[in-house]
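Student:
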Amino acid sequence: MPDGDTKRVPTYCYQCVAGPDLLTVKVVDGVATEVEPNFCAAEIHPGGGKVCVKAYGLVQKTYNPNRVLTPMKRTNPKKGRDEDPGFVPISWDEALGLVAERLTAVRAAGVTDESGYPRVAASFGGAGTPQSYMGTFPAFLAAWGPIDMGFGSGQGVKCYHSEHLYGEFWHRAFTVSPDTPLCDYLISCGANVEASGGVVGVWRHANARIRGMKRVQVEPHLSVTGACSAEWVPIKPKTDAAFLYALVHVLLHEVPRARLDVAFLSRHTASPYLVGPNGYYLRDRTTKKPLVWDTRRGAAVAHDTPDIDEALEGRFDADAIEIGADEEVLAEGTLAGETAFSKLVAHMTPYPPEWAQRVCDVKAETMRRIANEFIDHAKVGETIEIDGVTLPYRPVAVSLGKTVNNGWGGFECVWARTMLAALVGGLEVPGGTLGTTVRLNRPVSARIDSVSAGPDGFMAYPLNPTDKAHWSPNPNIRNAYRTMIPLAANGPWSQALGPTHFSWMFLEETPKGLPRVTLPDVWFVYRTNPAISFWDTARLATTMARFPFTVAFAYTHDETNHFADLLLPEATDLESLQLIRIGGSKFVEQFWDVHGFALRQPVVATQGEARDFTTIATELAARTGLLEKYNASINKGAAGLPLKGAHGDFSLTTTERHAPEVIWDAVCRAASVDVSDGKEEHGLDWWKEHGLATKPFSRVGWYLFPELVKQGLRFELPYQERLWRVGVELGRRLHEHDMHWWDTQLHEYQSLPVWKDFGAPWTAAVVKAGGEPADYPFWLLTARSMQYAWGANVGMQLIKEVADNIAGHRGVIMNPQAAAKLGIADGAHVEIATPQRSVYGRAVLRQGIRPDTLLLLGQFDHWATPFTKDFGMPSMNSLATMSLDLTDATGSGADVVRVKIAPATAAKPGAAK
Amino acid sequence: MTYPDKGYGPSGPAPWQQTSWDWRAAGNFIGGGVGSGLVVFAAVSGAHGAALAVPMLLGLALVGLGLFCVSLELGRPLRALRVLRNPRTSWMAREAWTSALLFPVGLAAAAGVPACAEIAGALALVFVYCQARLLQAAKGIPAWREPLLVPLAVVTGLAEGAGLFIVVALLYGGATPLLLIAFGALLIARVLLWLAYRRRLAGKTAAGASAALDRAGVVLQVAGTAVPLVLAAIAGFVAGGAVLPLVVAAGLLAAFAGAYVKFTLITRAGFNQGFALAHAPVRGRALQTKGT
Amino acid sequence: MTRWAMVADLRRCVGCQTCTAACRHANATPPGVQWRRVLDIEDGEYPDVTRAFVPVGCQHCEDPPCMDVCPTTATKKRADGIVTIEYDLCIGCAYCAVACPYQARYKTTRPAFAYDTAMANETKRRDDSRRAVATKCTFCVDRIDAGLAKGLKPGIDHEATPACVNACITQTLQFGDLDDPQSNVSQLIAQNEHFRMHEELGTGPGFYYLWDRKESTAP
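Protein chains in written order, with the numbering used here: chain A, 3 to 915; chain B, 896 to 1187; chain C, 76 to 294.
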């Protein structure tokens, strides 16, 4: 084969949250032909510099004949699934003119509407990954002002939601990971790391397996992660909390206390804090600091008194004050206190393995053995040296997956998981359970730096206010996260971490007390397809059709931009320019020994008239009179880092339109002086050649524990006094405004969470829909597909082809014994139904699934996306409903539906009824 | 390209029906078997003149038809002659060489050239043997690679040829009792070999392959063996006007049943090896534990 | 002497298909033609089930049945164990495909593209010499030969290593010289329990599957 003019161009892939992967693209005579690992990155990349399968779809992504390659305008004013949008090509000038015209009108009318909601909304997909492709668009958004980013496409409710919120609250753990390189024993409740952990996760776990790490996969079906585990425990869906409670019970009630990490619990958690008769901490009457019992002095003292020996267990009387919600003094004087740990021990008494066996259909002896294996592997008391620092060494961890760590029961699972880690001192120490990144605390680029002292000896946390003076019934955006979800905080990520289904639901009917939810005047959509990826997709599509002006940055025609008024083709992954941060510790298992920056660059010429996102952003800013603010925003850091720093000033002039090359050249220079501490300044050309630059990042930065010790802070465990108080306050505020529709959710605010039947709401949903629970005996679950997860790559033929090699990409996975009872053969056409809706597809019979469970991989059921619409692959999203009943206190739901299945009698496979 | 209904690429891991060879390849084994069987019988019958030429030419035509069928399966038919390059190890090359000799010799025999009939018969025997070995060398297909397939394929070729020969022989004085006995003996040998072959295959082929072979086996045993035997017996022992149709029926049934078995073998029972693991991987184990 | 061989550590493989995709890229095979792919194999009955991901492809056998049956000598085995196909000799009879017990061989009669029309990359890499003839994994023989010519070591230096091995994100696939006792593959085979696919057929595959560590090497 003639090789012609061949070069290899370095770039990155951040199609999924577990990126970035560093790759090179082989270009022959100007045509991209092959993706390969960037072998130069092998030394610094924690996954050996390898590249995920999704990146191999990028060549097809570039040349896909189904691409939208010119701006297009809708000509059919009627919007609907069955309406042909009548898109016709227009010039960029006309397209941008149309957007600018709308935006200018919005600015004239005021950026917020009569309900106080932003008139402009924007939805981006995949857990922040679009930000690695949208160039300087964030600078435009920042320049604009209030924007509603709470119209979700799944984020906020289909994510690791309880883990995100409580994880970040307890240990700065927006995402939680085992310290895989050192961990010896991992209990994985539904965490599908082999599908969702990216190259680094998969690489690290493969090494850990060979080293001997035992992973126990607790999951209703035998996922790829279960397959690669030492043991599979087929648990009944939505009962993981009972399983985890039983493990906590064994550690507290069956394992000798001395085998737990008593020192860690006493010194580094709130276990010794004295809890008063009303359930709030006993506090020093003057300083209001929580009290502990000092066994040396034989007296109650403030928790941060030097030179004390805290009693872990017991009841002690103390001269104290007990303060409840809204600063209310509940008791004062000599008060009876009990340590939080003793409260915990008593609280967990009713949850032995024999109890859990009845709930989760796992043998008591299995749970007891796992709990004992966990403690046996914990190496309590041992230490390890990391980069010259001696740290505790606890090579045991617990990870949780989707539907375990979100929706009802998610809080309890995350709490029990974090407690399991704390009981053996395995929280945020080498080998143990770690947070990877922060998204609600700042700075998001440096997790450890986000630690600061808060109240009561704990880390600070930016809870949304619940006190009378600051709580407001008038939310800033439609999903009302600031009003309803204190834990969601109020940072750049918070809007997407609210109850993002509320934006859609409340458009139909706004619940009492909130300003009427309105349609946004302008809606921007990029790298997201909520009409496929959210729940109740048919209803969502109908709602979307009502939006007056939707601007979709479009790759191909799809189910969401089917309702758009304007399609704008952006230069895709291999065609455009951007610099991003890499390394340090980031999502999932991304723990690096370096940190720095990587460049994405045009590998080949842009196809058609697609334009670099930065060009589009600059044009929009200029045409809406926001150019100065836009450039200023870039200077401030909207393109990844501030352009002015200790080592130089590369700021852009704010009055001019700058070409993408000029903007990114400045960002590159700022990045290179940052990464070299001022020693080297490189422009865009250098970065285009080298692709990346990094500097060392100490592994000590993987662990939060040393920073807490340094700042004298404790983990806010086991007792949740603060959250309970917040819950009580939130309840009062809502009731003061006659808002009672959140009362069920308020019950989630507990000091020590009580187990409940967390599957019950889904059964109740069947009844509410007019069905008989017995008629819908199956739990329909979903699982990530490594080949597709987050990738927005369903239209790639190569991805479909290789994904088909893994079971479940061609139909619904079902247990053969269960199928036989219903007369369903392998490959048979089946109908999966709720009382309201049906989907159709093929049965894939596999032994690795519980007889009461069905599994639909990924999110399909496309009807507009070229190529994909022919898959005949149904989706859970077409069946799942959005409802308050299925929404937990963090504003999240879970991917679970009660269904029935039968041989299909009619209808087209894959089509929703 | 729209997304193919059954997904992309090959299947697995369970064995699946091979898709490399279809009816065109089956046609070669059918035509080649029955044709060379016919040539053999023409040769050994001691016939002369038209009684030799007709079955000889018919046999060659059937062999040729089979080869034509398989040529349709070639990806690069213009390179077909390269099939002759590797007689050192390939039974397909040997089959091709044999056929290259069989046709001129067979034609010479049909033209009455002395001694050619015997040579043609021997070559036909070699040809059918090559075909049998060719199929048996396909190591990827359990139902084909069974060594008993070789005698079975040879004998069924002869039996089919005998079947056609007794029909053709009716034109030239009818089947002799000796011929009918030979025919009957071949049917019995064929069915015995079939049963032995099936027994040897037990547990070695995919369920789909076994089911297809079982169906073919019924056809072979009833329509291909029992019925023709009875008909031939009646024809042999009972004189009268009914003999002719009886012999025709017996001969054709025997031939068609053999063809059906071969068609099934290639297109229905050609399940491949699939994949199997001798050991399941051990993915991490608990380290030494102090506790329970 | 040299005997190139592949090792697949089944304990590591997660079925991600990165090798499959990388092979499709490196060798520009048409849709559906996967010289390297990874199977998803389930065994047992609920709840005692195991599931394994198994990379397969041409096993580059010691005694390749595909070579013996080939009527044209298009299929050959090199001295270093790599089984090759000379496309210009092949008549596309597919005999080798049914002779291979590993379902490693493909024949595509018509040009095939990912979508309705050929994309720029497909046009650029179109190779009609591979149409209607047998094709299969070559162990990326061109990379090996070019790498060796540059003094590189296959299996160690990426330029001289099969694309699937370079791409593998779990280090499941390793490539090297079996005749060199110090090579990565020799060491892995020595230290771990292993088997070869369909060993009973006597083909002598050059593809080893690791499934456990040897007791003697346990920590």
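Glycine is no exception: its CB is placed at the ideal position from the N, C-alpha and C atoms.
Below 8 angstroms between beta carbons is the criterion; list the residues of the segment 101-134 of chain C that meet it against any residue of chain B, in chain order.
Tutor: Per Cβ criterion, the list reads Pro106, Gly107, Val108, Gln109, Arg112, Leu114, Asp115, Ile116, Asp118, Thr125, Ala127, Val129, Val131.
Student: May I have the straight-line CA-CA distance separating A:Pro308 from A:Ile323, to the nearest angstrom?
Tutor: Going from the Cα of A:Pro308 to the Cα of A:Ile323 covers about 21 angstroms.
Student: Does A:Gly2 have its Cβ less than 7 angstroms from a Cβ in chain B?
Tutor: Any answer about residue 2 of chain A is impossible in this case: the structure gives chain A only from 3 up to 915.
Student: Just to check my reading of the structure: B:Ala1032 and C:Val144 have Cβ atoms closer than 8 angstroms, yes? What is that Cβ distance to the nearest angstrom?
Tutor: About 5 angstroms; that satisfies the 8 angstroms criterion.
Student: Counting along the chain, where does the alpha helix (DSSP H) carrying B:Phe1060 start and finish?
Tutor: Start and end: 1044-1064.
Student: List the endpoints of the continuous alpha helix (DSSP H) containing C:Gly119.
Tutor: Counting along the chain, C:Gly119 falls outside any alpha helix (DSSP H), though it belongs to the beta strand (DSSP E) covering 112-120.
Student: Between the C-alpha atoms of A:Cys670 and A:Pro87, what's the straight-line distance to the nearest angstrom?
Tutor: Rounded to whole angstroms, A:Cys670 to A:Pro87 spans 41 angstroms at the Cα level.
Student: If you draw a straight line from the C-alpha of C:Thr192 to the C-alpha of A:Asn68, how long is it?
Tutor: Distance between the alpha carbons of C:Thr192 and A:Asn68: 10 angstroms.
Student: Between the segment 96-106 of chain A and the segment 637-655 of chain A, can you find at least three pairs of beta-carbon atoms closer than 8 angstroms?
Tutor: No contact exists between the segment 637-655 of chain A and the segment 96-106 of chain A.
Student: Can B:Ala1106 and B:Pro910 be called in contact, C-beta distance under 7 angstroms?
Tutor: For B:Ala1106 and B:Pro910, no; Cβs fall outside 7 angstroms.
Student: Strictly below 7 angstroms CB to CB, what residues from chain C border B:Arg1094?
Tutor: By Cβ distance, chain C contributes nothing, its closest Cβ being about 19 angstroms from B:Arg1094, past 7 angstroms.
Student: At a cut of 8 angstroms, does the segment 268-286 of chain A reach the segment 301-320 of chain A through at least three beta carbon pairs?
Tutor: These segments touch.
Student: Does the beta carbon of A:Phe41 sit closer than 7 angstroms to a beta carbon anywhere in chain C?
Tutor: Cβ-Cβ to chain C under 7 angstroms: yes for A:Phe41.
Student: Please look up how many angstroms separate the CB atoms of B:Gln912 and B:Gly1103, rounded, as I've assumed it's under 8 angstroms.
Tutor: B:Gln912 to B:Gly1103, Cβ: 7 angstroms. Contact.
Student: For the pair the segment 1162-1182 of chain B and the segment 99-111 of chain C, tell me if three or more CB-CB distances fall below 8 angstroms.
Tutor: Contact between the segment 1162-1182 of chain B and the segment 99-111 of chain C is absent, because fewer than three Cβ pairs lie under 8 angstroms.
Student: Among the residues of its own chain, which have a CB less than 7 angstroms from the CB of C:Met142, if the five just before and after it don't count?
Tutor: Correct list, in chain order: Thr150, Lys151, Lys152, Val158.
Student: For C:Cys168, which residues from the same chain have a beta carbon less than 7 angstroms from its beta carbon, with the 5 sequence-adjacent residues on both sides left out?
Tutor: Correct list, in chain order: Pro146.
Student: CB A:Asp897 to CB A:Thr405, shorter than 7 angstroms?
Tutor: It is a contact, given that the beta carbons lie within the stated cut-off.
Student: Spell out the partners DSSP gives A:Glu918 in its beta bridges.
Tutor: Residue 918 of chain A lies beyond the range of chain A shown here (3 to 915); nothing can be said about it.
Student: In the DSSP assignment, find the unbroken alpha helix (DSSP H) run with A:Arg734 in it and report its ends.
Tutor: Segment 723-738, the alpha helix (DSSP H) holding A:Arg734.
Student: Using DSSP bridges, identify the partner residues of C:Trp79.
Tutor: In the DSSP output, where bridge partners are listed per residue, C:Trp79 has C:Asp252.
Student: Cβ closer than 9 angstroms: which chain C residues qualify as neighbours of A:Asn66?
Tutor: Going along chain C in sequence order, the residues near A:Asn66 (Cβ under 9 angstroms) are Ala189, Tyr190, Met194.
Student: Please return the same chain residues whose Cβ sits closer than 8 angstroms to the Cβ of B:Leu953, not counting the five positions on each side in sequence.
Tutor: Only Gly930, Leu933, Leu1059, Val1063 meet the Cβ criterion.
Student: Interface residues of chain C around A:Tyr751 at Cβ under 9 angstroms?
Tutor: Within 9 angstroms Cβ-Cβ: nothing; A:Tyr751 doesn't reach chain C, min ~37 angstroms.
Student: Exposed or buried, what is B:Thr1071 when buried is set at 16 or more other beta-carbons lying within 10 Å of its beta-carbon?
Tutor: With fewer than 16 Cβ atoms within 10 Å of its Cβ, B:Thr1071 is classed as exposed.
Student: Is the CB of C:Ile160 under 7 angstroms away from at least one CB in chain A?
Tutor: No - not a single Cβ of chain A is within 7 angstroms of the one on C:Ile160.
Student: Report, in whole angstroms, the separation of the C-beta atoms of A:Ala193 and A:Leu402, which I expect to be a contact under 8 angstroms.
Tutor: Confirmed, Cβ separation roughly 6 angstroms.
Student: Would you tell me roughly how many angstroms separate the C-alpha atoms of A:Lys52 and B:Val1050, rounded to the nearest one?
Tutor: Near 58 angstroms, if we compare the C-alpha coordinates of B:Val1050 and A:Lys52.
Student: Is the CB-CB distance between B:Trp986 and B:Arg1028 below 7 angstroms?
Tutor: Contact: yes.
Student: Closer than 8 angstroms, Cβ to Cβ, to anything on chain A: give me those residues from the segment 1149-1170 of chain B, in chain order.
Tutor: Per Cβ criterion, the list is empty.
Student: Does A:Leu800 come within less than 7 angstroms of chain C when only Cβ atoms are used?
Tutor: Yes, its Cβ sits closer than 7 angstroms to a Cβ of chain C.
Student: Looking at the C-beta of B:Ser966, does it have a partner C-beta in chain C at a distance below 7 angstroms?
Tutor: False, the Cβ-Cβ gap to chain C never drops below 7 angstroms.
Student: Between C:Gln92 and chain A, is there a C-beta pair that is closer than 7 angstroms?
Tutor: Yes, contact with chain A.
Student: Count the other CB atoms within 10 Å of the CB of A:Glu233; is the residue buried (16 or more) or exposed (fewer)?
Tutor: Label assigned to A:Glu233: buried.
Student: Taking C-alpha atoms, which residue in A:Pro148, A:Ala547, A:Val33 lies nearest to A:Thr8?
Tutor: Nearest option by C-alpha distance: A:Val33.
Student: Between B:Gly1179 and chain A, is any beta-carbon pair separated by less than 7 angstroms?
Tutor: Output row for B:Gly1179: interface = yes.
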